[in-house]
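Sequential numbering of the sequence shown, starting at 1, is according to the UniProt record's numbering. Single-structure report; data block below.
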Amino acid sequence: MQITIYTTKGCPDCYGLKQWLNYKNIPYTEIDIEKPGITDYLKNKYGVRVAPITVIEDKFFYGTFEVQKPQIEAVLQKEAL
């Protein structure tokens with residue numbers, strides 16, 4: 001299962017998400033949305049360009065870490081991670 005998180009520097013929700021994934025020993029790829037072209041890509045693909053965005057296979061989540069966490073946990077439990 002591939003997990004990609006789109007983050008930005010100084011984002012407390014991004015930090016919380018990364019800390020939680022690390023604590024759970026869940027591997028992920030991190031992409032900085034401040035890199036050229038990334039915000040346009042996110043807007044075109046997901047309709048949003050805010051951080052953090054979490055992509056797990058064909059599912060994506062955005063909003064605060066508090067909002068994303070139960071959604072991410074549900075997917076991870078379903079996939080038995």
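Even glycine gets a Cβ: it sits at the ideal position worked out from N, Cα and C. Here the structure is a predicted model, which means the values were calculated and not measured.
DSSP places D40 in the helix class (H, G or I) of the three-state scheme. Within the UniProt domain "Glutaredoxin" (3–60), the complete beta strand (DSSP E) runs of at least 3 residues fall at 3–7, 29–32, 53–56. The residues I56, K59, in chain order, have a CB closer than 7 angstroms to that of V75 in the same chain once the five nearest residues on each side in sequence are set aside. At least 7 angstroms separates the beta-carbon of F65 from that of L21. Annotation: D13 to M1 spans about 22 angstroms, alpha carbon to alpha carbon.
Taking 8 angstroms as the upper bound for CB-CB distance, T7 and E30 are in contact here, some 6 angstroms apart. Y23 sits exposed, since fewer than 16 C-beta atoms from the chains shown fall within 10 Å of its C-beta.
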